[in-house]
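Throughout the sequence shown, residue numbering follows the working numbering, covering 3 to 152 in sequence.
Quick reminder that beta carbons are idealized off the backbone N, C-alpha and C, glycines included.
A quick write-up on the structure given underneath.
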Amino acid sequence: MTHFRLRTAGRPVVGSLVGRLVALAVLIAIAAAHHVLPAAAAEARVPSGARLLMIADVGCPYCARWEREVGVAYDRSDEGRFAPIVRLQRGAGEAKRYSRVLYSPTFIVVRDGVEVGRLVGYPGADFFWGMLAPILEKAGYRAPAPAIGR
């Protein structure tokens with residue numbers, strides 16, 4: 003059996019294959035927690051009221067395009083203030099609460115935890131805003147009246 007020597011607080015600690023396996027198990031548990039905790043944190047961030055859930059896959063090119071074209075401004079829009087976005091990975095606990103998500107991205111508007119409507123895919127900014135508007139209205143959103151200029 004292979005042994006190695008470590009020193010802890012001035013005292014030698016003898017490690018063995020079992021010790022190495024225990025250390026490896028601890029490291030794996032820590033690494034796994036980094037993948038589980040973000041999903042749990044996202045679930046905790048979905049309070050009552052209207053929310054836009056964006057369910058995405060890592061490396062999704064359409065998700066990245068949405069982030070560039072819409073995501074950078076969504077939070078500052080009237081729609082974003084009414085239904086703040088919550089980004090979730092497909093398969094996360096909160097994402098599983100709603101009917102099956104097959105494509106990425108899928109946008110689900112929820113009101114008090116109940117699905118109001120969804121958009122599947124991302125065909126471009128103009129289509130996104132146009133398709134999102136009636137779903138948000140169904141959730142209670144009323145677009146502000148346009149300002150009348152002088």
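Just tell me which of the options has its CA closest to the CA of residue i.
i           : options                          : result
proline 86  : Pro148, Leu138 and Ala149        : Leu138
cysteine 62 : Arg102, Tyr143, Leu134 and Arg92 : Arg92
alanine 135 : Ile110, Ile150 and Ala149        : Ile110
arginine 70 : Ala147, Ala127 and Ala149        : Ala127
alanine 145 : Phe129, Val122, Arg83 and Leu104 : Arg83
Can you give me the Cβ contacts of residue i inside the same chain, cut-off strictly under 8 Å, excluding the 5 residues immediately before and after it?
i           : result
cysteine 65 : Met56, Ala58, Asp59, Ser106, Pro107 and Tyr124
According to the Cβ coordinates, are residue i and residue j closer than 8 Å?
i             : j            : result
glutamate 117 : tyrosine 100 : yes
arginine 113  : alanine 141  : yes
To the nearest angstrom, how far is the alpha carbon of residue i from that of residue j?
i             : j                 : result
glycine 95    : valine 88         : 13 Å
glycine 132   : alanine 75        : 16 Å
aspartate 80  : leucine 104       : 29 Å
arginine 53   : aspartate 77      : 11 Å
alanine 97    : phenylalanine 129 : 23 Å
tryptophan 68 : leucine 121       : 13 Å
glycine 73    : glycine 115       : 22 Å
leucine 90    : glycine 119       : 17 Å
Can you name, in chain order, every residue of its own chain whose Cβ lies under 6 Å from the Cβ of residue i, other than the five neighbours on each side?
i          : result
glycine 51 : none
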